[in-house]
Amino acid sequence: MDHRLLEIVACPVCNGKLYFNKEKQELVCKADRLAYPVRDGIPVLLENEARALSADETHP
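Residues 85 to 144, numbered by my numbering, are exactly what the sequence shown covers, in order.
Okay, here's the thing in C-alpha cells:
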C-alpha cells in the first residue's frame with residue numbers, strides 16, 4: 085500500500101484516519117471498528133464491504 089495514498093484516504097463513515105493492516109490486506113478505522121478490504125492493491129471503501137472488528141481484535 086502506497087504511504088502517500090494512506091495520507092489522503094479517509095473512512096467513508098466518519099472521515100477518520102485509516103490504518104493499513106498488511107497481514108490482512110485491510111484498511112482499519114479504529115473509531116468505527118471497521119476493516120475495509122484491499123483487493124489487488126485497490127482499497128474498497130464501501131461500508132457494505134467492510135468487516136466489523138471483533139472486540140478482541142488488535143489494531144495495526
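Cβ atoms here follow ideal geometry from the backbone N, Cα and C, with glycine treated the same way.
Keep in mind the model is a prediction, meaning the values are calculated, not measured.
Beta carbon of residue i nearer than 8 Å to that of residue j
{"i": "Pro-121", "j": "Glu-110", "result": "yes"}
{"i": "Ala-115", "j": "Ala-134", "result": "no"}
{"i": "Pro-96", "j": "Glu-141", "result": "no"}
Residue burial classification, residue i (beta-carbon count within 10 angstroms, cutoff 16)
{"i": "Cys-98", "result": "exposed"}
Distance, residue j Cα to residue i Cα
{"i": "Asn-105", "j": "Cys-113", "result": "11 Å"}
{"i": "Ala-53", "j": "Arg-88", "result": "Limits of the chain in this structure are 85 at one end and 144 at the other, which puts residue 53 out of reach."}
Counting only runs that start and end within the segment 96-129, where is the beta strand (DSSP E) found for 3 or more residues in a row?
As far as the segment 96-129 is concerned, its whole beta strand (DSSP E) runs of at least 3 residues are 103-105, 110-113, 118-123.
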